[in-house]
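Visitor:
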Amino acid sequence: MSFELEKELVGKHAAELVEDGQVIGVGSGTTVSYFIKHLGARCRREGLKILAVPSSYQSYFELIKAGVALTTLDEYDTLDLTIDGADEVDEDLNLIKGGGGALTQEKIIGTYTKKLIILVDSSKFVKRIGGAPIPVEVLPKALSPVYKKIESFGGKPEVRMAKRKLGPVVTDNGNFILDCKFEEIIDPESLNTRIKMLPGVVETGLFIGLADRILIGKEGAVIEKVKERARPDLNR
Ligand code: 5RP
3 MSFELEKELV GKHAAELVED GQVIGVGSGT TVSYFIKHLG ARCRREGLKI LAVPSSYQSY
63 FELIKAGVAL TTLDEYDTLD LTIDGADEVD EDLNLIKGGG GALTQEKIIG TYTKKLIILV
123 DSSKFVKRIG GAPIPVEVLP KALSPVYKKI ESFGGKPEVR MAKRKLGPVV TDNGNFILDC
183 KFEEIIDPES LNTRIKMLPG VVETGLFIGL ADRILIGKEG AVIEKVKERA RPDLNR
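Heads up: the sequence shown is residues 3 to 238, going by the numbering used here.
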């Protein structure tokens, strides 16, 4: 089975997990697109009353097209469930996200939620995250100092360049992205904290301890990995 079919399989499976009346966060990416398509079909078929908070212009427009009603975190500050994709997932359910540049809003909806479920095809599940570069969203004015600091941490940053526009990718929030490759990530939590603490950094694509459940599409089946630990306590 191709990776594309595995994405559709998990997207469809996840759409069945949403319950009537829930307020959900919706991530971004091609796997999430399948989820949105199947959720929209369920809303039409079963008359489900779902409200969704999108994490990007991509999911915003796709949710509208699918006929799923939208809301915001101003109206619901804790979501019932968030569904998203990832670029890499490991045994500890740590993630690298941000391949689509929507990491900041994705981390927001993935944090202010009771449950975060991640959908991936089998190519994304690895022993230890770090094969993919870590996307870091940076305020344009701080690009050069942040670049140098990340180099001093052992990373190899690259400014993400746009494909059908001249110059760098500009995120939905008006910022730039540094894709930072590290030889090896021994302690993802402390690396996340070090990068996040740099003034000018908006967010990192390291999602540590946030995912509750991973759904992996593999050869026609959906494999689940569930986290035993509690989510970070937002009231601490
Ligand atoms: C966007 C993301 C995506 O969830 C991630 O890049 C996976 O995308 P896809 O499902 O297209 O492989 O983090 O910022």
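Using N, Cα and C, we set each Cβ at its ideal position, and we do this for glycine too.
In this text the structure is predicted, and so the values were computed from the model without any measurement.
Do ILE216 and ILE119 count as a contact pair if the criterion is CB distance below 9 Å?
Guide: Yes, they are a contact pair.
Visitor: Do the stretch 87-101 and the stretch 54-61 meet, that is, are 3 or more Cβ pairs less than 8 Å apart?
Guide: no
Visitor: What's the gap between the Cα of ALA54 and the Cα of VAL70?
Guide: 7 Å
Visitor: Compare the beta carbon distance of GLY219 and PHE5 with 9 Å and say whether it is the shorter of the two.
Guide: At a Cβ-Cβ threshold of 9 Å, GLY219 and PHE5 count as neighbours.
Visitor: Closest by CA to ALA214, which one among THR115, ASP181 and LEU41?
Guide: The amino acid at residue 214 is misidentified as Ala; the sequence shows Asp. Of the listed residues, the one whose Cα sits closest to ASP214 is THR115.
Visitor: Flag this pair as touching only if the stretch 124-131 and the stretch 146-157 have three or more C-beta atom pairs under 8 Å; answer yes or no.
Guide: no
Visitor: Report yes or no: do three or more beta-carbon pairs, one from the stretch 5-22 and one from the stretch 103-112, lie closer than 8 Å?
Guide: no
Visitor: Kindly indicate the opening and closing residues of the beta strand (DSSP E) around ALA54.
Guide: 53-56
Visitor: Please classify VAL228: is it buried, with 16 or more other beta-carbons within 10 angstroms of its beta-carbon, or exposed?
Guide: exposed
Visitor: Hey, could you find the ends of the alpha helix (DSSP H) LEU11 is sitting in?
Guide: 5-17
Visitor: Measure the Cβ-Cβ separation of LEU141 and ASN194 and say whether it is below 9 Å.
Guide: no
Visitor: If you measure from the CB of THR113, is any heavy atom of the ligand 5RP nearer than 8 Å?
Guide: no
Visitor: Return yes when the Cβ of GLU8 is within less than 9 Å of the Cβ of GLU226, no when it is not.
Guide: no
Visitor: Alpha carbon to alpha carbon, how far is GLY29 from LEU65?
Guide: 11 Å
Visitor: Give the DSSP-derived three-state secondary structure of ARG215 in the structure shown.
Guide: strand
Visitor: Tell me whether PHE155 is buried or exposed, calling it buried when 16 or more other Cβ atoms sit within 10 Å of its Cβ.
Guide: exposed
Visitor: Would you check whether the ligand 5RP has a heavy atom nearer than 8 Å to the C-beta of LYS99?
Guide: yes
Visitor: Which stretch, first to last residue, makes up the beta strand (DSSP E) that contains LYS117?
Guide: Segment: none, LYS117 is in no beta strand (DSSP E) and carries neither H nor E.
Visitor: Please report the residue range of the beta strand (DSSP E) in which PRO159 lies.
Guide: 157-161
Visitor: Give the DSSP-derived three-state secondary structure of GLY27 in the structure shown.
Guide: strand
Visitor: Please work out which residues of its chain come closer than 8 Å, Cβ to Cβ, to VAL172, disregarding the five sequence neighbours upstream and downstream, and give them in chain order.
Guide: ALA164 and PHE178
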